[in-house]
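Residue numbers (my numbering): 11 to 143.
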């Protein structure tokens, strides 16, 4: 996995509601776990942009509702600082669903903007993104 130069503030906590930014059929996601994060004992894991997470679909099509998937965070409300000093923030917390075996998105189109750091780390997500900020 490629390292990113930004200082990401990890503020999306376990149990948070996320917007599903792709056209896979899910509308709203609930964050149930953060992958590959080592935290302090008895502290809930938090995540930020470019983190791979485990989510449960709370709203969407009947087939998708209640299913557990892996996803990557593409937008967060809390601002974070890039290596060049620029601060970036978005209007919502959003994620894109990934396939189980690899880091390829389930959908074929992403609605809304995607952070540049996500495209650097997960290039298949950048190929279907409409706007990269």
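Ideal placement from N, C-alpha and C gives every residue a C-beta, glycine not left out. Quick caveat: nothing in here was measured; it's all calculated off a predicted structure.
Outcome for residue i when other beta-carbon atoms lying within 10 angstroms are tallied against a minimum of 16
i: residue 62; result: buried
i: residue 16; result: buried
i: residue 140; result: exposed
i: residue 34; result: buried
i: residue 114; result: exposed
i: residue 107; result: buried
i: residue 72; result: exposed
i: residue 10; result: Since the displayed the chain opens at 11 and closes at 143, residue 10 lies outside it and no answer follows.
Where residue i sits in the DSSP three-state scheme
i: residue 126; result: helix
i: residue 133; result: helix
i: residue 120; result: strand
i: residue 17; result: strand
Bridge-paired residues (DSSP) for residue i
i: residue 22; result: 57
i: residue 27; result: 40
i: residue 139; result: 120
Exercise for the section: Could you tell me which uninterrupted beta strand (DSSP E) segments, each at least 3 residues in length, are contained entirely in the segment 38–113, listed from first to last along the chain? Expected result: 62–70, 78–85 and 104–108
Practice task
State whether the segment 51–59 contacts the segment 74–94, with contact taken as three or more CB pairs (one from each stretch) at a distance under 8 Å.
Solution key: yes
Problem - the segment 20–37 / the segment 49–56 touching (three or more Cβ pairs under 8 Å) - result: yes
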